[in-house]
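J.: Pasting in a structure now, in structure tokens, and then I'll have a few things to ask.
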Amino acid sequence: EAFALYPVDVVAEDIVAPTLIEIGERWHRGEATVVQEHFATAFLRRRLTALFHAYPQPLTGPLAITGSAALEWHDVGILLVSMALRRHGWRVLYLGQNVPADHLLREIRKLKPDMVCLSAATRDSAKSLDEVYAQMGELPEPRPRLVLGGRAVNVHPELAEQYHDAQVMPSARELVNELA
Numbered sequence: 120e121a122f123a124l125y126p127v128d129v130v131a132e133d134i135v136a137p138t139l140i141e142i143g144e145r146w147h148r149g150e151a152t153v154v155q156e157h158f159a160t161a162f163l164r165r166r167l168t169a170l171f172h173a174y175p176q177p178l179t180g181p182l183a184i185t186g187s188a189a190l191e192w193h194d195v196g197i198l199l200v201s202m203a204l205r206r207h208g209w210r211v212l213y214l215g216q217n218v219p220a221d222h223l224l225r226e227i228r229k230l231k232p233d234m235v236c237l238s239a240a241t242r243d244s245a246k247s248l249d250e251v252y253a254q255m256g257e258l259p260e261p262r263p264r265l266v267l268g269g270r271a272v273n274v275h276p277e278l279a280e281q282y283h284d285a286q287v288m289p290s291a292r293e294l295v296n297e298l299a
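Just so you know, the sequence shown maps onto residues 120 to 299 in this note's numbering.
Structure, rendered in structure tokens:
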């Protein structure tokens, strides 16, 4: 119903994202089961994936590679980012969950994107960003813009501070506003 009543970005940022956070917190408190959390996440992921594919991939324009950090299985946030970028004219190569750093870096070298957006919800997955960050710093100019997001870097600023040349964005909306 929300998608019928409100713009996509409002539903994504103001309804879907907070709902997923609440479900996750209920699971951590023992108020929701893993089955309930997985069902809700899968339901929302299917809806968002359908919307992502409803926006045509531009044939030209800036290219963004998006995905979850290695060892990261939470991908709805980066899917929201991917959808927002596509809606604003970006060509988006959405890689999904658990993207191994070495494979990602190989594609970055080959495709030469304008931007790489990675998400990490946990401290463990955030640590896997170290390799990507270090190797992207060694790429020849012009390097792609590195944008990091997700609960781990948003809730733990000390994690975000170690990535000086990366941009930490708390939401898809803020990233799109920054790019405008």
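Using N, Cα and C, we set each Cβ at its ideal position, and we do this for glycine too. Keep in mind that this is a model prediction, so the values were computed, not measured.
1. In terms of residue numbering, what span does the alpha helix (DSSP H) encompassing ILE227 cover?
2. In three-state DSSP terms, what is ALA183?
3. With distances taken from CA atoms, which of GLU132, ILE227 and TRP192 is nearest GLU257?
4. Which residue from PRO181, GLY196 and GLN216 puts its Cα closest to that of ARG210?
5. First and last residue of the alpha helix (DSSP H) that includes VAL295?
6. Which residue's Cα is closest to the Cα of ASP221: GLY215, ARG205 and VAL251?
7. Select from GLU260, PHE162, ALA161 and ALA279 the residue whose C-alpha is nearest the C-alpha of ALA245.
8. How far does the beta strand (DSSP E) with MET106 in it extend, from its first residue to its last?
9. Tell me where the beta strand (DSSP E) around VAL251 begins and ends.
10. Could you round the C-beta distance between LEU237 and ALA188 to whole angstroms and report it? I think they count as a contact, below 8 Å.
T.: The relevant details are as follows:
1. The sequence position of residue 227 within the sequence shown is 108, counting from 1. First-last of the alpha helix (DSSP H) with ILE227: 220 to 230.
2. The residue labelled residue 183 in the question sits at position 64 within the sequence shown. ALA183: strand per DSSP, three-state reduction.
3. Along the sequence shown, one-based indexing puts residue 257 at 138. Checked all of GLU132, ILE227 and TRP192; the closest Cα to GLU257 is ILE227.
4. Position 91 of the sequence shown holds residue 210. ARG210 has its Cα closest to that of PRO181, out of PRO181, GLY196 and GLN216.
5. In the sequence shown, counting from the first residue as 1, residue 295 sits at position 176. Unbroken alpha helix (DSSP H) run through VAL295: 291 to 298.
6. If you number the sequence shown from 1, residue 221 lands on position 102. Nearest C-alpha to ASP221: VAL251.
7. Against the sequence shown, residue 245 aligns to sequence position 126. Among GLU260, PHE162, ALA161 and ALA279, the Cα nearest to that of ALA245 is on ALA279.
8. Residue 106 is absent from the structure shown; the chain starts at 120 and stops at 299.
9. In the sequence shown, residue 251 corresponds to position 132, counting from 1. Premise fails: VAL251 lies in the alpha helix (DSSP H), 248 to 256, not in any beta strand (DSSP E).
10. The residue given as residue 237 occupies position 118 in the sequence shown. The residue given as residue 188 occupies position 69 in the sequence shown. Sure, about 5 Å apart at Cβ, within 8 Å.
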